[in-house]
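Residue numbers (full-length UniProt numbering), protein chains in the order written: chain A, 1 to 168; chain B, 1 to 168; chain C, 1 to 168; chain D, 1 to 168.
All C-beta atoms in this analysis are idealised placements derived from N, C-alpha and C, irrespective of residue type, glycine included.
For reference, the structure is listed below as structure tokens.
There are 4 protein chains.
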Amino acid sequence: MTIEKKPVMSMSEKTARRWIAERGVKVEDIAELVVYLQGPYHPNLELKEAIDHVEAVLRKREVQNAVLTGIQLDMLAEKEMLEEPLLSIIKTDEGLYGLDETIATAIINVYGTIGLTSYGYIDKQKPGILQFLNDKSTGQVHTFLDDIVGAIAAAAASRLAHRAAHTE
Amino acid sequence: MTIEKKPVMSMSEKTARRWIAERGVKVEDIAELVVYLQGPYHPNLELKEAIDHVEAVLRKREVQNAVLTGIQLDMLAEKEMLEEPLLSIIKTDEGLYGLDETIATAIINVYGTIGLTSYGYIDKQKPGILQFLNDKSTGQVHTFLDDIVGAIAAAAASRLAHRAAHTE
Amino acid sequence: MTIEKKPVMSMSEKTARRWIAERGVKVEDIAELVVYLQGPYHPNLELKEAIDHVEAVLRKREVQNAVLTGIQLDMLAEKEMLEEPLLSIIKTDEGLYGLDETIATAIINVYGTIGLTSYGYIDKQKPGILQFLNDKSTGQVHTFLDDIVGAIAAAAASRLAHRAAHTE
Amino acid sequence: MTIEKKPVMSMSEKTARRWIAERGVKVEDIAELVVYLQGPYHPNLELKEAIDHVEAVLRKREVQNAVLTGIQLDMLAEKEMLEEPLLSIIKTDEGLYGLDETIATAIINVYGTIGLTSYGYIDKQKPGILQFLNDKSTGQVHTFLDDIVGAIAAAAASRLAHRAAHTE
């Protein structure tokens, strides 16, 4: 059991990172959301440091599992391989669906509840890459990915805030 | 937009109920879990009353969305239509996956946090239908369904406890 | 047991409503946040309807319990009756504390995860009454109350959105 | 601001540990719950290793904040310094209160949702120290502490399970 498990785990991280990239999101894009969120409190914050926090979030297995599950559902919706009415709900990013927010909280909670407000804020403001992911005219489905990206940024911002309080 | 929405919603409930039945779970099976959980506190509790609470939980849209999403993932895993490593993780019900518990909490939370302990308890004890859903020898994949069934039972038990406190 | 329980419950609602009022927040203030959140999607939304949704949220026992617990902690912090370091953390509304957000989610979750983004959004924007609650110059402590008010508004907005989808 | 913050933080950990001890719970007691939970899966698990995981959980600030807040409420209830009806609700450990479970989830979520089932299980089974904390005949109030102890054990068990999968 343990012998098979190790490669599965590292394959999770590799696949999660690859899928995020293939769906059009760079680590830098997520790091820019972290700067958007934390810049007001840390004016000297550089993109490089924000990237480090995003990378740390992506190393968490809970985060990888949420990324894989959410993007898989987006991709299957795009290929029309889900059944109705779930297919229509996900394809149209139906506002009352809620499972995209549910999966996002699994990412945020890893760094504590303080990330919830950051997530909610950028989810409504839609700065940077989140605007691109919400452009329905592309034909692509990003119902889960936009919440996942916002949640990773919010988690990274929480991590940064916790570290800053300890070390500054 | 509103004109299309109404049938989609009622189709959600119909489909959620149909999928639960097709995957081998009857409303009575879930109601028996409610009796298992609440029987010690309400010795006169009858299956009929437990069924009413399960029915009320199933009328909630958040619950229907969680049911549709979780069972869809189980069915796609069974048909090997998910990509690796997600396919293996879900097919083997990998203990560290966590998204099955995440989706279950979306159901439980509708009736408050007191359902969390009931859910955790029957998830470990596996009484009644939960034992059947955990039998890996059938070749069926119920990674999400067993948590969904436990969560519906826990939510129905919370509803019953809240109502009993008000009316007894 | 049941005989004592009933008055305790209705006393919970009365006390929760009284404390909210005594701390400077009117039901109308919370309803205005609902209009702020849902106005863009429902241009004909009147304050009166928003008030009805806030009232429905306040009738939920989970909400009352969260209100009582949070405001009690605010009041004890104001009277310096908490022990250190908790007293300083709550009095200064320390950004990394997190329990205020935790208690807020207990309110939001009653109407599903879609309220999370609304809550995060108004918590950062601080429209209306939330700006007053964040004015530290008054000497009053509202570390929990501002999150509770935002959460009640977000829950009421979710309730409104769910109902609108069913009935419009 | 940063200059004051550092001592406050380490004071949080010291105070959280001191309060847990003063309320009658040793780190070993919590570690024994971890062995109870993980023993079936890791037969060679020693108390010493379980203690290390409990210590790691106690170093998390989110956990410390939950511990301080919950135990503070228990202590104030014991001294009758809370107002009614909150005082009676907490003193009698009223089953529908729910805030004790809410605060517990803030601890569990730090190590992912897989801890939810462990927490629910030991909360119902009440092995070891949890039985002592539930003995109402002592006159002490442990409404929050028993959930906090169960949540720390569940989080430590999750941490152990995650590490074991990576290193075995």
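Taking the alpha helix (DSSP H) that residue i belongs to, which residues open and close that run?
i      : result
C:K79  : Note, C:K79: premise wrong, no alpha helix (DSSP H); not H, not E.
B:T15  : 2-22
B:K124 : 115-125
D:Q38  : 27-38
B:F132 : 129-133
D:V57  : 47-58
B:E102 : Residue identity differs from the one stated: residue 102 of chain B is Thr in this sequence, not Glu. 99-108 is the extent of the alpha helix (DSSP H) around B:T102.
A:K91  : 86-91
Give the straight-line distance between the Cα atoms of residue i and residue j, rounded to the nearest whole angstrom.
i      : j      : result
A:E112 : B:T102 : A quick correction: the sequence has Gly, not Glu, at residue 112 of chain A. Computed Cα separation, rounded: 15 Å.
B:D123 : A:Y41  : 43 Å
C:A104 : C:I148 : 5 Å
C:T2   : C:V57  : For C:T2, the pLDDT reaches just 44, beneath the cut-off of 50, and the residue's location in the model is therefore unreliable, although a value from the coordinates is still provided. Distance between the alpha carbons of C:T2 and C:V57 is about 24 Å.
D:K6   : D:L86  : With a pLDDT of 49 at D:K6, under the threshold of 50, the modelled position of that residue is not reliable, and the figure given next carries that caveat. Roughly 34 Å separates the two Cα atoms.
D:V67  : D:V34  : 18 Å
C:T143 : A:M11  : 43 Å
C:T69  : C:T15  : 11 Å
D:A21  : D:M81  : 22 Å
B:Y153 : D:Y121 : As written in the sequence, residue 153 of chain B is Ala, which differs from the Tyr given in the question. Cα to Cα, B:A153 sits roughly 15 Å from D:Y121.
C:G98  : B:K79  : 42 Å
C:E49  : C:S158 : 13 Å
C:G39  : D:Q131 : 51 Å
D:P129 : B:Y36  : As written in the sequence, residue 129 of chain D is Ile, which differs from the Pro given in the question. So the alpha carbons of these two residues sit roughly 26 Å apart.
C:N44  : C:R163 : 15 Å
A:G150 : C:Y119 : 15 Å
B:N134 : B:K91  : 12 Å
D:T117 : B:N109 : 14 Å
B:L47  : D:N65  : 42 Å
B:A77  : B:E83  : 9 Å
C:H60  : B:S137 : Residue identity check: residue 60 of chain C is Lys in the sequence provided, not His. Their Cα atoms are separated by approximately 44 Å.
D:E13  : B:I114 : 28 Å
A:G24  : C:D93  : 38 Å
C:I89  : C:D100 : 11 Å
B:E32  : C:W19  : 41 Å
B:Q125 : D:P127 : 15 Å
C:E4   : C:R17  : In this predicted model, C:E4 has a pLDDT of only 46, less than 50, meaning its place in the structure is not dependable; the value taken from the coordinates is given anyway. If you take the alpha carbons of C:E4 and C:R17, they lie about 21 Å apart.
Looking at the ligand FMN, does it come within less than 7 Å of residue i, judged from the CB to the closest heavy atom?
i      : result
A:I148 : No copy of the ligand FMN occurs in the structure displayed, which carries no ligand at all.
Can you round the beta-carbon distance between residue i and residue j to whole angstroms, since I take them to be within the 8 Å contact cut?
i      : j      : result
D:V141 : D:D74  : 5 Å
B:A161 : D:G95  : 7 Å
C:V54  : C:A156 : 5 Å
A:I107 : A:V63  : 5 Å
A:L145 : A:I51  : Not quite, the Cβ-Cβ distance comes to about 19 Å (not below 8 Å), so this is no contact.
At a CB distance below 8 Å, what residues from the region 9-28 of chain D approach chain B? Give them in sequence order.
none
Margin query: For the region 152-163 of chain D, list every residue whose C-beta sits within 7 Å of some C-beta in chain B, in sequence order.
Written below: A161, H162
* Cβ-based contacts, 9 Å cut-off: residues of the region 127-148 of chain A near chain C -> Cβ contacts with chain C: D147.
* For the region 58-75 of chain C, which residues have a beta carbon sitting closer than 7 Å to at least one beta carbon of chain B? -> R61, E62
**Asked** Quick one, which residues of the region 91-113 of chain B are near chain A if we go by CB-CB under 7 Å, in chain order?
**Response** L96, Y97, G98, L99, T102, I103, A106
Taking beta-carbon pairs under 9 Å, can you tell me which members of the region 75-86 of chain D lie near chain C?
For the region 75-86 of chain D, the set of residues with a beta-carbon nearer than 9 Å to any beta-carbon of chain C comprises M75, L76, M81, L82, E83, E84, P85, L86, in chain order.
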